[in-house]
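Residue numbers (the working numbering): 2 to 440.
Right, dumping it as structure tokens:
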């Protein structure tokens, strides 16, 4: 993509009185009507970040690879000229080793189990509810609350988890499901074996123009991976944050304005880093005008922004609605064999804090990118944690590319043009926030 097609994303004349233009390797301040938004080296630098982060291998929260990725991000933020803080946090996790369902004379291995391992002290028993109609309308009508909900395979697992209140949700193989159905058993017991543990990760926070009481914009991306090297999910998001930090450091912020660039740890097991950040920075929330999260932007398809939900489930005052007891608990183990059912997750998916001005800003930013930009509702990433706490928050992702959460998520499968397009859209929205258009 040529630099001449990047002219949409310029720093508007009313945005900053003084801007910095890179010319001949030297930074020169000048009064200007516009400044190039992204220089020709953006893609190569962004892809260098992607390759380096993926080189750490599978870097799940709490692992050595996780710590190496965090160290790299800290160093890159410092090179970008940010004031950098390392904010460690601990979390509880549960590794499920084995789970079986016993019902009458039948006994079956459980493929996937949704329950609360932090409160379940022994076998889980109850009335069985075998789900044969797996479409959402049928599930919403079904009487599943308080029961052991049994599915054939993984279909509709999340629908049951987030729209009903079962005692547990479990998936069986198709043959085991049919045998259980034929047996006529009406109750059963889940026996499981596993171990609780404590993990450590950290959020890396870079500040620019930090001033007490200043208006604030946060750009964020999680840096942990799951089951793979995480090139697309989410080294691409981190790369955008790092390179936009580098660019924005070269431009003088308006008075009483600051930015934070946050790399969250522990997103994959349940948004642990964003929850920890929220608890640590409660007093900062009223000053935050926008959190823009970048997650998985290396596909080659349409661009999706989480801007369709409007405003719902948002508190009257800033503050998390999540029960504190769940803030530090992983919601799934590294094998994905269990998915924590907790009432605190439902407000996250049900809430949205996308006012009209943000929808308009994203719509304007998407014009001229040469790629379809689609508004969606309900994408699951760290921005959800902030939306339910009263912060205006959205997310960008790009569809397509190699399968994520797998060894196939490698740098060679990342579309560098898409990474740049995502950065351009985010930067244009920042401009719109700092330099609002008249109604």
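The C-beta atom is built at its ideal place from N, Cα and C for all residues, glycine as well.
Treat the numbers as computed from the prediction; the structure is a model and nothing was measured.
Inter-residue CB distance, residue i and residue j (contact presumed, cutoff 8 angstroms)
i, j, result
"residue 270", "residue 94", "7 angstroms"
"residue 298", "residue 419", "6 angstroms"
"residue 193", "residue 151", "With 8 angstroms as the limit, residue 193 and residue 151 do not qualify as a contact, their Cβ atoms being about 15 angstroms apart."
"residue 399", "residue 376", "The Cβ separation is near 14 angstroms, so there is no contact."
"residue 417", "residue 48", "5 angstroms"
Length of the line joining the Cα atoms of residue i and residue j
i, j, result
"residue 288", "residue 430", "18 angstroms"
"residue 323", "residue 41", "43 angstroms"
"residue 113", "residue 379", "23 angstroms"
"residue 74", "residue 162", "35 angstroms"
"residue 426", "residue 343", "35 angstroms"
"residue 294", "residue 253", "23 angstroms"
"residue 363", "residue 186", "53 angstroms"
"residue 395", "residue 385", "8 angstroms"
"residue 91", "residue 371", "43 angstroms"
"residue 79", "residue 366", "29 angstroms"
"residue 237", "residue 321", "28 angstroms"
"residue 224", "residue 55", "10 angstroms"
"residue 326", "residue 124", "22 angstroms"
"residue 316", "residue 279", "14 angstroms"
"residue 1", "residue 331", "The displayed coordinates of the chain run from 2 to 440. Any statement about residue 1 would go beyond what the structure contains."
"residue 258", "residue 303", "32 angstroms"
"residue 333", "residue 340", "5 angstroms"
"residue 154", "residue 200", "30 angstroms"
"residue 412", "residue 52", "6 angstroms"
"residue 139", "residue 381", "24 angstroms"
"residue 115", "residue 39", "45 angstroms"
"residue 195", "residue 275", "26 angstroms"
"residue 432", "residue 72", "30 angstroms"
"residue 374", "residue 183", "48 angstroms"
"residue 132", "residue 61", "33 angstroms"
Beta carbon of residue i nearer than 8 angstroms to that of residue j
i, j, result
"residue 1", "residue 175", "With the chain covering 2 to 440 only, the question about residue 1 has no answer from this structure."
"residue 264", "residue 239", "yes"
"residue 202", "residue 63", "yes"
"residue 353", "residue 314", "yes"
"residue 233", "residue 300", "yes"
"residue 81", "residue 181", "no"
"residue 210", "residue 260", "yes"
"residue 401", "residue 415", "no"
"residue 217", "residue 110", "no"
"residue 359", "residue 308", "yes"
"residue 84", "residue 207", "yes"
"residue 266", "residue 67", "yes"
Residue nearest to residue i in terms of C-alpha spacing, selected from the options
i, options, result
"residue 43", "79, 201, 247, 82", "247"
"residue 87", "281, 388, 435", "281"
"residue 357", "366, 311, 111, 321", "311"
"residue 121", "168, 134, 203", "168"
"residue 77", "183, 159, 250, 96", "250"
"residue 328", "374, 127, 313, 268", "268"
"residue 65", "226, 51, 256, 196", "226"
"residue 434", "333, 286, 108, 291", "291"
"residue 102", "188, 369, 57, 296", "188"
"residue 241", "69, 98, 361, 397", "397"
"residue 171", "436, 71, 190", "190"
"residue 136", "160, 117, 128", "160"
"residue 319", "369, 349, 388", "388"
What residue ranges within the region 258 to 325 form continuous alpha helix (DSSP H) runs of no fewer than 4 residues, ordered along the chain?
-> 273 to 281
Alpha helix (DSSP H) runs wholly inside the region 163 to 207, at least 4 long, in chain order | 175 to 184
Report the residue ranges of all beta strand (DSSP E) runs contained in full by the region 321 to 365; include only those spanning at least 3 residues, in chain order.
-> none
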